[in-house]
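Counting in my numbering, the first sequence runs from 30 upward without gaps.
All C-beta atoms in this analysis are idealised placements derived from N, C-alpha and C, irrespective of residue type, glycine included.
Step one of this worksheet: look at the structure below.
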Amino acid sequence: MATLELQRPRGTQDILPGDSPKWQRVEAVAHRVAQSFGYAEIRTPTFEHVDVFRRGVGDGTDIVEKEMYEFQDHGGRALVLRPESTAAVARALLQASAFSELPLRLYYLQRHFRYERPQSGRLREHTQFGVEAYGAAGPLADAEVIALAQSFLGALGLTNLSVRLNSIGDGQCRPAYRAALLAHLEGHRQDLCADCQRRMERNPLRVLDCKNEGCRRVIAQAPQTLDHLCADCRAHLEGVEAALSALGISFSRDASIVRGLDYYTRTVFEVQYENLGAQSTVCGGGRYDGLVDALGGAPQPGVGFGLGVERLLLTLEEEGLLEDRPAGTDVFVAWLGGELGPEAMRIAQALRASGLRVEEEILGRSLKAQLRRAQKLRAAKVVILGPQEFLRGVAILRDMTSSQQEEVPIEDLPARVGSAAPRD
RNA sequence: GUGAAUGUAGCUCAGUUGGUUAGAGCACCAGGCUGUGGCCCUGGGGGUCGGGGGUUCGAGUCCCCUCAUUCACCCCA
């Protein structure tokens, strides 16, 4: 490893030419699937006023409390690199008065910035494919969003992922549940780990997803959120499940799913891939009926998910679902003799005009080296232009699979090559 | 933020108890084949051994600091 004075900042990634086709594939599928559900793309600024997230995500959350990249610009504004997109999208919609026309179906493909300790699948700059559906208070929107996530992952070839569903209640029933849970935990305080004893003060719901064995035993006896849901929340959850069943999407209830962001209400869900170690959640989402209100707008029901693209790529890699090196070139134009470079470029241009992906020699290497290059590019055809052929107005057209070659008039090359090189 | 492991060529890795000019395979370039890829053979370019400091006659090897990566926790996508 060469010693560089300048390295990329911790927790960031360079996407090099060898990897960018993988990203392009995932992005293409995201655009296609989201649009097939009638969702339109939205893009928001990379930085926002700090208050968008203080008020939207919540002041007490880890994201806002210790993970934001905050800075002040020369005008003294308190800004922050966006740590997530849901609150930013809501802000944009409010600013554009977009809630006048409902329902609103949006998706984004954006980078987020959080100051965290990096490990694989967790970066300081990461990309999410996310979806937001506004205007529908009923359970159909929840099911639609989950179906979209399923379709997206399925289109990429992933099948054995698990969808876990829970409801964390709303302003009606959550306080009562919280009290009941706290009472139970208080009775078993000595059996809980030190972390959980601390969690009891700040956010008792978090105890539910502790992996510690002693805590798990206490949790198993604890009151279930599901038993404390008010009638409306219960009906909502059952409605989501009924719609998912009708769609043939399998899921399991998982009382341990709790969200760390303040804006979630009722439905919360995760899509997990087990082999991913600690960062096994590829997709997380839920309902956030209180968000727009918190940002100062008239209340709007909303539901959506965020899907980590870097984690998804790790999963796809592990499942062997990414092609290593997709062919990027159809034809290579080789030349020799020292004088024919410009003519080779002219031929390459003519071939490109007929829709082919073409690379021509610009280093003036030996023919042998040029053919090796063509092979490495997996070009199906090579045009070879030599001084002798050029004088007669022809070039050699070589088929790299069969090793057959023939002379073709230069003007006929686009027609001949175009018909002979099938595209995938 | 807490705890731990790892850093030798572009990549994957060797490198004995500290001891001469730090190696291999793959990749790259060239030649064998003076105008034809894959296979083979030969040769070549490439390393401040992550960085800095220390111990020592002598450090890739030992010690300290630092940077980066990885794993677990926290949290999250």
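Going by DSSP in three states, Glu-77 sits in which element: helix, strand or coil?
strand
In whole angstroms, what separates the C-alpha of Glu-96 from that of Pro-112?
8 Å
Hey, Asp-318 and Gly-331: beta-carbon distance below 8 Å or not?
yes
C-alpha distance - Asp-220 paired with Thr-344, whole-angstrom precision:
36 Å
In chain order, what residues of the same chain lie with their CB nearer than 8 Å to the CB of Pro-416, ignoring the 5 residues before and after it?
Leu-365, Gly-366, Glu-368 and Leu-369
Classify Ser-49 as buried or exposed, calling it buried when 16 or more other Cβ atoms lie within 10 Å of its own Cβ.
exposed
What separation, rounded to the nearest whole angstrom, lies between the Cα atoms of Ala-424 and Glu-390?
15 Å
Look at Phe-298 and Val-192 and say whether their C-beta atoms are less than 8 Å apart.
yes
Where the alpha helix (DSSP H) through Gly-370 begins and ends
370 to 382
Nearest residue (CA-CA) to Val-316, options Gly-325, Tyr-292 and Ser-309
Val is not the amino acid found at residue 316; the sequence shown has Arg there. Comparing Cα positions, the closest option is Tyr-292.
With burial defined as no fewer than 16 other Cβ atoms inside 10 Å of the residue's Cβ, what is the status of Ala-356: buried or exposed?
exposed
Per DSSP, Val-192 is paired with what?
Val-300
Classify Leu-182 as buried or exposed, calling it buried when 16 or more other Cβ atoms lie within 10 Å of its own Cβ.
buried
Using the beta-carbon count (16 or more within 10 Å), is Phe-82 buried or exposed?
buried
What does Arg-151 pair with, by DSSP beta-bridge criteria?
Gln-148
Can you name the start and end residues of the beta strand (DSSP E) that Leu-434 belongs to?
Note that residue 434 corresponds to Gln in the displayed sequence, not to Leu. Start and end: 434 to 438.
Could you give the first and the last residue of the continuous beta strand (DSSP E) run that contains Gly-337?
331 to 337
How about the segment 66 to 80 and the segment 126 to 138: do they share at least three Cβ pairs that are nearer than 8 Å?
yes
Compute the Euclidean distance between the alpha carbons of Arg-36 and Asp-43, then round it to the nearest angstrom.
The question names Arg, yet the displayed sequence has Gln at residue 36. Answer to the nearest angstrom: the Cα atoms are 10 Å apart.
Within 8 Å, do at least three Cβ pairs link the segment 150 to 166 to the segment 334 to 352?
yes
Cut-off 7 Å between Cβ atoms - residues of its own chain near Val-118, not counting five sequence neighbours on either side:
Ile-71, Thr-73, Leu-135, Tyr-137 and Glu-161
What is the DSSP secondary structure of Gln-417, reduced to helix, strand or coil?
helix
The beta strand (DSSP E) with Thr-254 in it runs from where to where?
No beta strand (DSSP E) contains Thr-254, which is instead part of the alpha helix (DSSP H) from 254 to 257.
Spell out the partners DSSP gives Leu-426 in its beta bridges.
Val-412 and Glu-435
Buried versus exposed, by CB contacts within 10 Å (16 or more), His-103
exposed
Every unbroken beta strand (DSSP E) within the segment 217 to 304, with a cutoff of 3 residues, ordered by chain:
294 to 301
Tell me the rounded alpha-carbon separation between Arg-39 and Pro-147.
8 Å
According to DSSP, is Phe-361 part of a helix, a strand, or is it coil?
strand
Can you tell me whether DSSP reads Ala-327 as helix, strand or coil?
coil
Report the rounded CA-to-CA distance for Glu-267 versus Gly-200, giving the unit in angstroms.
18 Å
Going by DSSP, what residue range makes up the beta strand (DSSP E) through Val-109?
107 to 110
Which runs of the beta strand (DSSP E) at least 3 residues long sit entirely within the segment 51 to 104? Give them in chain order.
76 to 78 and 99 to 101
Residues near Gly-393 by beta carbon distance below 8 Å, same chain, minus five either side:
Gly-367 and Gly-370
Going by C-alpha distance, which of Ala-176, Arg-207, Arg-235 and Glu-346 is nearest Ala-275?
Ala-176
Alpha carbon to alpha carbon, how far is Gly-47 from Leu-426? Give it in angstroms, no decimals.
29 Å
Could you check which residue in Asp-256, Ala-166 and Thr-90 has the C-alpha nearest to that of Ala-205?
Asp-256
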